[in-house]
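Single-structure report; data block below.
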Amino acid sequence: MKTSAPLKSACKQYEEDLVLHYYGENSEGERHSVERHLADCDPCRLFLEDLRKLLPQITQAEEMPQSFWDNYYRETVSKLTSYDEKKYWWRSFFAPMRTWMVPAFGSLAAAVLVVGLMFGNDKLNLSIEPRVERIPQEILADKSQLEFFESMEILEALSKLEAQDEPKTDVINHDAGRAAMPGQVA
Amino acid sequence: MAEQQELRDEELVALSQQGQRDCFDVLVRRYMEKAFHIAFNFTRDTETAKDLSQDAFLRAYANIKQFDGRSSFYTWFYRIVVNLCLDHARRHRRVAWESLDQMAEESGEQEQFADSTFAPDEHAIAGETKRRVDKTLETMPKKQRTAFLLRNHQGLSIADVAKVMKTTEGTVRVYLHRAVAALRQSLLEFV
Numbered sequence: 000m001k002t003s004a005p006l007k008s009a010c011k012q013y014e015e016d017l018v019l020h021y022y023g024e025n026s027e028g029e030r031h032s033v034e035r036h037l038a039d040c041d042p043c044r045l046f047l048e049d050l051r052k053l054l055p056q057i058t059q060a061e062e063m064p065q066s067f068w069d070n071y072y073r074e075t076v077s078k079l080t081s082y083d084e085k086k087y088w089w090r091s092f093f094a095p096m097r098t099w100m101v102p103a104f105g106s107l108a109a110a111v112l113v114v115g116l117m118f119g120n121d122k123l124n125l126s127i128e129p130r131v132e133r134i135p136q137e138i139l140a141d142k143s144q145l146e147f148f149e150s151m152e153i154l155e156a157l158s159k160l161e162a163q164d165e166p167k168t169d170v171i172n173h174d175a176g177r178a179a180m181p182g183q184v185a
Numbered sequence: 000m001a002e003q004q005e006l007r008d009e010e011l012v013a014l015s016q017q018g019q020r021d022c023f024d025v026l027v028r029r030y031m032e033k034a035f036h037i038a039f040n041f042t043r044d045t046e047t048a049k050d051l052s053q054d055a056f057l058r059a060y061a062n063i064k065q066f067d068g069r070s071s072f073y074t075w076f077y078r079i080v081v082n083l084c085l086d087h088a089r090r091h092r093r094v095a096w097e098s099l100d101q102m103a104e105e106s107g108e109q110e111q112f113a114d115s116t117f118a119p120d121e122h123a124i125a126g127e128t129k130r131r132v133d134k135t136l137e138t139m140p141k142k143q144r145t146a147f148l149l150r151n152h153q154g155l156s157i158a159d160v161a162k163v164m165k166t167t168e169g170t171v172r173v174y175l176h177r178a179v180a181a182l183r184q185s186l187l188e189f190v
């Protein structure tokens with residue numbers, strides 16, 4: 000196919016305004032100006048008619064069946080889900096948890112924490128053992144001395160006992176000495 | 000889910016930012032057709048358009064917390080789709096040109112066949128129109144094409160196109176005008 004007729008152009012200064020006029024994108028002042036010009040200019044009128052015939056043909060989009068759009072939507076949502084799974088991979092660890100498990104575990108953890116704090120601060124003492132008064136350290140330091148003095152008292156007592164028993168012992172020893180030397184002449 | 004579908008984009012985005020995935024799913028359902036069509040207009044291939052537009056949803060979701068609400072969600076999201084499509088076009092330029100050459104050859108064969116045997120019917124004209132549009136869009140500078148596709152195919156206002164493309168409205172007007180002029184030139188014989 001060959002072009003059968005030479006192309007008739009619009010007036011150069013109005014061509015752009017005519018395109019905008021077709022799209023309804025010119026201002027009110029421009030629109031009035033174009034309309035006044037069109038009344039007197041055949042090439043510009045022809046140009047605008049061409050646009051009104053040509054451009055709607057170009058716009059015709061290929062009609063896709065509904066199944067195409069259903070499939071398109073499903074695929075897109077699936078791709079978005081895959082993206083979420085990659086980005087928030089750590090969520091899979093918590094996936095088995097049901098909604099009721101979260102507050103349950105939370106309450107349990109809070110209870111454990113409270114009990115731990117109470118025992119840790121020694122505010123809750125459940126033991127029923129009697130309290131044993133502790134001996135102050137300065138007293139404990141003299142304990143060995145106390146024992147020493149106590150042992151000294153025992154020794155003193157022993158020496159007293161020995162002193163009481165001493166005369167008898169001397170007599171016995173004296174008699175024993177005589178017996179031991181029978182051949183001696185006094 | 001039914002209640003969430005009633006929510007506005009800003010509310011859905013705010014809830015998605017708080018980790019409500021199902022709210023983002025609503026945004027997917029709301030914009031999947033537009034995202035697919037814009038990717039298709041760039042790539043002219045169903046599977047590639049599907050992959051690219053789905054990828055755009057993934058990127059939007061991954062960066063949803065960075066969305067500060069200065070523009071609308073769809074402007075922000077379209078920018079992601081368009082950038083992905085432009086990246087894809089850069090990577091696959093060679094392939095696109097090869098397929099374009101193939102299309103041109105097939106088109107030539109059909110022309111000969113039509114001229115010698117049959118009068119062209121509406122279907123053939125529509126097919127030829129599509130091929131010529133594809134070819135013109137393919138050879139058009141990227142920014143012109145992007146501006147045209149966003150305005151003509153997606154119905155974004157010029158102000159929104161400018162936000163998506165991070166340029167001024169005046170520049171978008173120029174791109175749009177040039178793109179339309181090029182398409183008119185290529186399609187005039189079918190009018």
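If you read the protein sequences in the order shown, they are chains F and Z. Taking numbering that gives the first Met the number 0, I'd label the letters of the first sequence as residues 0 to 185. Taking numbering that gives the first Met the number 0, I'd label the letters of the second sequence as residues 0 to 190. All C-beta atoms, glycine included, are put in the ideal place defined by N, C-alpha and C.
Asked: Which residue from G154(Z), V173(Z), L186(Z) and E10(Z) puts its Cα closest to that of Q12(F)?; Found: V173(Z)
Asked: Going by C-alpha to C-alpha distance, which of L85(Z), T138(Z), S52(Z) and A180(Z) sits closest to K78(F)?; Found: S52(Z)
Asked: With respect to the alpha helix (DSSP H) encompassing N151(Z), which residues constitute its N-terminal and C-terminal limits?; Found: Where N151(Z) is concerned, there is no enclosing alpha helix (DSSP H), given that its DSSP letter is neither H nor E.
Asked: Determine whether the Cβ of K49(Z) lies closer than 8 angstroms to any Cβ atom of chain F.; Found: yes
Asked: Can you tell me the Cα-Cα spacing of A196(F) and E48(F), whole angstroms?; Found: Shown here, chain F extends from 0 to 185; a query on residue 196(F) therefore has no answer.
Asked: Need the endpoints of the alpha helix (DSSP H) that K85(F) sits in, please.; Found: Q65 to K86
Asked: Is any beta-carbon of chain F found at less than 8 angstroms from that of E32(Z)?; Found: yes
Asked: Residues of chain F with CB closer than 7 angstroms to the CB of R172(Z), please, in chain order.; Found: E15 and L19
Asked: Leaving out the 5 sequence neighbours to the left and right, which residues in its chain are closer than 7 angstroms to Q16(Z) when beta-carbon positions are compared?; Found: I63 and K64
Asked: When the Cα atoms are used, what is the spatial distance from G126(Z) to T42(Z)?; Found: 17 angstroms
Asked: Give the straight-line distance between the Cα atoms of T135(Z) and A181(Z), rounded to the nearest whole angstrom.; Found: 7 angstroms
Asked: Alpha carbon to alpha carbon, how far is G119(F) from K159(F)? Give it in angstroms, no decimals.; Found: 59 angstroms
Asked: At the level of alpha carbons, what is the spacing between R144(Z) and E74(F)?; Found: 29 angstroms
Asked: Can you list, in chain order, the residues of its chain with a C-beta nearer than 7 angstroms to that of R150(Z)? Leave out the 5 residues immediately preceding and following it.; Found: I157, V160 and L175
Asked: Who are the near neighbours of C10(F) in its chain, counting only those whose CB is closer than 8 angstroms to its CB and skipping five residues on each side?; Found: H36, C40, P42 and C43
Asked: Can you have a look at H36(Z) and say buried or exposed, based on whether 16 or more other CB atoms are within 10 angstroms of its CB?; Found: buried
Asked: Find the residues of chain Z that neighbour K78(F), judging by a C-beta separation of less than 7 angstroms, and give them in chain order.; Found: Q53 and L57
Asked: DSSP on T167(Z), reduced to helix/strand/coil?; Found: coil
Asked: List the residues of chain F whose Cβ lies closer than 8 angstroms to the Cβ of V27(Z), in chain order.; Found: Y72, T75, V76 and L79
Asked: Measure the C-alpha to C-alpha separation of G68(Z) and L6(Z) and round it to an integer number of angstroms.; Found: 16 angstroms
Asked: Determine the direct distance from the alpha carbon of V27(Z) to that of Y72(F), and round the result to whole angstroms.; Found: 7 angstroms
Asked: So what's E152(F) in DSSP terms, helix, strand or just coil?; Found: helix
Asked: Using a Cβ-Cβ cut-off of less than 8 angstroms, list which residues of the stretch 141–168 of chain Z approach chain F; keep chain order.; Found: R150, N151, H152, S156 and I157
Asked: Give the interface partners of Y60(Z) over in chain F, defined as CB-CB distance under 8 angstroms, in chain order.; Found: L79 and Y82
Asked: Give the interface partners of F23(Z) over in chain F, defined as CB-CB distance under 8 angstroms, in chain order.; Found: L79
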